[in-house]
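Peer 1: Using full-length UniProt numbering, you'd call the opening residue of the sequence shown number 1 and step up by one each time.
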Amino acid sequence: LQNDAFLNVVANSLYVSLGATGVSVVVGTMGAFGLSVLMTRNREMALLALLVVFMLPQVAVVTPLYEVLGVLGGMDTVWGLVLVYSMFTVPLVVWVMTRFFEEIPRTLYHAARVDGCGAWTAFRRVYLPLGVPGMVCAGLLGIIFCWNEFLFALTYTTSYASRTIPVGITLFTGQYEFPWGEIAAASSLVTFPILLAVVGAQKYLVRGLVGSGIKG
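Structure representation (structure tokens):
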């Protein structure tokens, strides 16, 4: 804990994970509402396209994204990683939330429209409150992805000002020997935030997984 570089990569991982997940949950939830409620044609094709984007091998897009970040000035920055991670977590959130919203009775939406609510008001007052378990589930999945991601963080960062935990632990070095003890201690320490988040949101996580159709 006295190593400033280690504390810095922990802070970077928190910023990147929470930032990318926050953006993804907001954008993905609205997109999921549009797909599940407002879109009546080609819905499954759109979901399949999103799933393909999420399942793209990282190696296949690492070079194009490198060029894009170079043009945008996002190399070796925290916001650059947030942008890249959001590209992969938004499709995940849309997929989870679409399946979750499909479990909500459509009659609730029609009743809201009869009462004079527009699509946005129905989304905000009906679907958002009912969708909290799904959003928690999708958010946790997004955080886990961002927290553990290695390839993009290694490729697009060059200093401890923007490196994340997986890269920081990999670059641990010793003067005369490889510091296995420090690496093991750091690896154990950084798993606690994820474990605490999963345990704390266990009720919502189970309801979200069941409601979204992601079943073991």
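All C-beta atoms in this analysis are idealised placements derived from N, C-alpha and C, irrespective of residue type, glycine included.
Bear in mind that the values here come from a model prediction, so they are computed numbers and not experimental data.
(1) Roughly how many angstroms separate the alpha carbons of residue 17 and residue 9, rounded to a whole number?
(2) Quick check: residue 96 and residue 34, are their CB atoms within less than 8 Å of each other?
(3) What separation, rounded to the nearest whole angstrom, lies between the Cα atoms of residue 214 and residue 137?
(4) Give the secondary structure of residue 102 by DSSP, where H, G and I count as helix, E and B as strand, and everything else as coil.
(5) Whole angstroms is fine: what's the gap from residue 55's alpha carbon to residue 186's?
(6) By Cβ distance, which residues of its chain are closer than 7 Å to residue 101, with the 5 residues on each side in sequence left out?
(7) Can you give me the start and stop residues for the alpha helix (DSSP H) that residue 15 sits inside?
(8) Taking 7 Å as the limit between beta carbons, can you name the residues of its chain near residue 197, skipping five residues before and five after?
(9) Indicate the three-state DSSP secondary structure (helix, strand or coil) for residue 140 in the structure shown.
(10) Tell whether a beta-carbon distance below 8 Å holds between residue 151 and residue 25.
(11) Candidates 164, 120 and 178: which alpha carbon is nearest residue 82's?
(12) To the nearest angstrom, report how far apart residue 20 and residue 180 are at their CA atoms.
(13) Give a yes or no on whether the C-beta atoms belonging to residue 5 and residue 156 are separated by under 8 Å.
(14) Beta carbon of residue 92, beta carbon of residue 80: below 8 Å?
(15) Distance check for residue 116 and residue 122, CA to CA, integer angstroms please.
(16) Based on Cα-Cα distance, which residue from 40, 89 and 107 lies nearest to residue 147?
(17) Identify, in the order they occur along the chain, each residue of the same chain with its Cβ nearer than 6 Å to the Cβ of residue 110, setting aside the five sequence neighbours on each side.
(18) Under 8 Å, do residue 72 and residue 84 count as touching if we go by C-beta distance?
(19) With a threshold of 16 other CB atoms inside 10 Å of the CB of residue 166, please say whether the residue is buried or exposed.
(20) Using the three-state DSSP reduction, which class does residue 158 fall into: helix, strand or coil?
Peer 2: Walking through what the data contain:
(1) Translated into positions along the sequence shown, residue 17 becomes position 17. Translated into positions along the sequence shown, residue 9 becomes position 9. Looking at the two C-alpha atoms, the distance is approximately 12 Å.
(2) Here residue 96 refers to the residue found at position 96 when the sequence shown is read from its first residue. Here residue 34 refers to the residue found at position 34 when the sequence shown is read from its first residue. In this structure, residue 34 does not lie closer than 8 Å to residue 96 by Cβ.
(3) Position 214 of the sequence shown, counting from 1, holds the residue named residue 214. Position 137 of the sequence shown, counting from 1, holds the residue named residue 137. Unreliable positioning characterises residue 214 in this predicted model, as indicated by a pLDDT of 44, which lies under 50. A coordinate reading is not provided.
(4) To locate residue 102, count along the sequence shown from 1; it is residue 102. In this structure, residue 102 counts as helix in the three-state DSSP scheme.
(5) Position 55 of the sequence shown, counted from the first residue, corresponds to residue 55. Position 186 of the sequence shown, counted from the first residue, corresponds to residue 186. The alpha-carbon atoms of residue 55 and residue 186 are separated by roughly 29 Å.
(6) The residue given as residue 101 occupies position 101 in the sequence shown. 32, 33, 36, 37, 127 and 131, listed in sequence order.
(7) Against the sequence shown, residue 15 aligns to sequence position 15. Per DSSP, residue 15 belongs to the alpha helix (DSSP H) from 4–33.
(8) Position 197 of the sequence shown, counted from the first residue, corresponds to residue 197. For residue 197, where only same-chain residues beyond five positions count, the Cβ hits under 7 Å are 140 and 143.
(9) Here residue 140 corresponds to residue number 140 of the sequence shown, with the count starting at 1. The answer is helix: DSSP assigns residue 140 an H, G or I state.
(10) What you label residue 151 is simply residue 151 of the sequence shown in a count that begins at 1. What you label residue 25 is simply residue 25 of the sequence shown in a count that begins at 1. No, these two residues do not count as a Cβ contact at 8 Å.
(11) In the sequence shown, the residue the question calls residue 82 occupies position 82. Here the closest residue by C-alpha is 164.
(12) Taking the sequence shown and counting its residues from 1, the one referred to as residue 20 is at position 20. Taking the sequence shown and counting its residues from 1, the one referred to as residue 180 is at position 180. When rounded, the distance between both Cα atoms is 31 Å.
(13) For this step, residue 5 is matched to residue 5 along the sequence shown. For this step, residue 156 is matched to residue 156 along the sequence shown. Their beta carbons are not under 8 Å apart, which means residue 5 does not touch residue 156 by this criterion.
(14) Along the sequence shown, read from residue 1 onward, the residue named residue 92 stands at position 92. Along the sequence shown, read from residue 1 onward, the residue named residue 80 stands at position 80. Against a cut-off of 8 Å, the Cβ pair of residue 80 and residue 92 comes out as no contact.
(15) Residue 122 sits at position 122 when you count from the first residue of the sequence shown. Residue 116 sits at position 116 when you count from the first residue of the sequence shown. One C-alpha to the other measures close to 9 Å.
(16) Working through the sequence shown from its first residue, we reach residue 147 at position 147. Here the closest residue by C-alpha is 89.
(17) For the purposes of this step, residue 110 is identified with residue 110 of the sequence shown, where counting begins at 1. Correct list: empty, nothing qualifies.
(18) Locating residue 72 in the sequence shown gives position 72, counting from the first residue. Locating residue 84 in the sequence shown gives position 84, counting from the first residue. No, Cβ-Cβ distance for residue 72 and residue 84 is not below 8 Å.
(19) For the purposes of this step, residue 166 is taken as residue 166 along the sequence shown, with counting starting at 1. Buried, because 16 or more other Cβ atoms sit within 10 Å of the Cβ of residue 166.
(20) Position 158 of the sequence shown, counted from the first residue, corresponds to residue 158. Looking at residue 158 - three-state DSSP - the assignment turns out to be coil, as it is neither helix nor strand.
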